[in-house]
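Encoded as structure tokens, the structure appears first; notes follow it.
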Amino acid sequence: MDSPDAAPLIPALSPSRAADFLQCPLLFRFRAIDRLPERPSAAALKGTLVHAVLERLFELPAETRTRRTALSLLEPQWERLRESRAEAAAALFPTEDDAAAWLAEARRLLERYFEMERPERLEPRDRELRLDVTLESGLRLRGYLDRLDVAPTGQIRIVDYKTGKSPHPRFEDKARFQIFFYAVMLWRELGEVPARLQLMYLGDGGVRWYEPTEQELRAAESEILGIWHDIDRTARSGSWHPRPSKLCGWCDHQALCPEFGGTPPPLPEPARAG
1 MDSPDAAPLI PALSPSRAAD FLQCPLLFRF RAIDRLPERP SAAALKGTLV
51 HAVLERLFEL PAETRTRRTA LSLLEPQWER LRESRAEAAA ALFPTEDDAA
101 AWLAEARRLL ERYFEMERPE RLEPRDRELR LDVTLESGLR LRGYLDRLDV
151 APTGQIRIVD YKTGKSPHPR FEDKARFQIF FYAVMLWREL GEVPARLQLM
201 YLGDGGVRWY EPTEQELRAA ESEILGIWHD IDRTARSGSW HPRPSKLCGW
251 CDHQALCPEF GGTPPPLPEP ARAG
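When you line the sequence shown up against full-length UniProt numbering, it's residues 1 to 274, in that order.
As structure tokens, then:
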């Protein structure tokens with residue numbers, strides 16, 4: 001195994017890129033190294049919009065954080081998003097009726113949020129918090145927290161909004177890995193174990209929460225480090241193999257995948273992920 005102190009070919013790791021590698025090393029390569037374009041996703045864009053509205057909501061005075069206020073923020077935030085991602089918006093919504101139906105779905109997610117929480121009673125310390133942490137091993141972790149709450153007693157809660165439905169317990173490993181990844185970053189940044197990690201599924205109102213121990217965070221950190229070593233070894237070998245699964249049906253890169261008769265493009269030089 002390469003030494004953690006060796007100069008890594010993959011200098012930083014985020015929760016999404018780690019999940020890509022676990023799903024399929026070749027997908028990781030296409031996204032992190034080749035940076036191949038992918039079709040815009042209506043679901044991903046909806047997530048971006050709803051997150052933006054909730055972030056803006058918590059910038060307002062507590063007494064104004066009502067359902068009506070949140071819904072009034074939806075269309076202005078959508079106009080900003082449509083302007084910044086004009087090409088994607090045009091591809092996804094060729095008519096105004098298409099956009100209106102999609103906005104109605106986003107509106108339902110915001111309405112469900114108010115069935116789950118009372119935002120007027122909350123004062124998050126941070127929203128969309130960017131973390132960039134280097135571990136003792138030399139591995140650099142980075143990512144964004146949707147929300148960081150700190151109780152008057154000093155206890156820390158990480159909140160992650162999900163715009164899909166809550167998964168069956170057999171399939172919640174990916175979301176659990178992601179929020180524990182955030183917890184490891186925050187623990188190493190602040191030196192304090194978060195009291196609670198909370199996943200809020202706006203698609204159906206489901207909530208998953210964990211109360212991690214330091215031992216669990218050390219185990220999560222070891223898992224992340226193991227993934228990093230696997231990525232680094234793969235990068236040094238240049239052998240990015242596909243890992244077929246049911247998720248292949250949603251992949252944008254089938255035409256370049258050997259599992260579907262395709263040939264990946266030559267690796268860029270130098271083959272590093274940013």
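Ideal placement from N, C-alpha and C gives every residue a C-beta, glycine not left out. None of these values were measured; they are calculated from a predicted model.
Judged by pairs of C-beta atoms under 8 Å, the stretch 239 to 253 touches the stretch 22 to 41, as three or more such pairs exist. L74 is positioned such that its CB atom lies no closer than 8 Å to that of A42. Shortest Cα-Cα distance from P11 to any of P265, A235, R157 involves A235. Looking at the DSSP output, K162 bridges to Y201.
One thing to note: L190 has its Cβ no nearer than 8 Å to the Cβ of I158. Around K46, the same chain offers W102, E105, A106, L109, T163 as residues with beta carbons nearer than 8 Å, after the five sequence neighbours per side are excluded.
Within 10 angstroms of the beta-carbon of G143 lie 16 or more other beta-carbons, which makes it buried.
A residue is called buried once 16 or more other Cβ atoms fall within 10 Å of its Cβ, and V207, having fewer, is exposed.
In the structure shown, G262 adopts coil according to DSSP, grouped into three states.
For D146, no alpha helix (DSSP H) segment is defined; the enclosing uninterrupted segment is the beta strand (DSSP E) at 140 to 150. The stretch 112 to 123 makes contact with the stretch 62 to 76, as at least three CB pairs between them are under 8 Å. Only residues of its own chain outside the window of five on either side were considered, and among them P242, P244 have a CB closer than 6 Å to the CB of E259, listed in chain order.
Taking each of R125, P76, G154, A70 in turn and checking the Cα distance to F114, the smallest one comes out for A70. The three-state secondary structure of W187, taken from DSSP, is helix.
In its chain, beyond the 5 residues on either side, L81 have a beta carbon closer than 8 Å to the beta carbon of T48. For T64, no alpha helix (DSSP H) encloses it, and the DSSP letter there is neither H nor E. Look at A12 here: in three-state DSSP terms it is strand.
Secondary structure of G206 (DSSP, three-state): strand.
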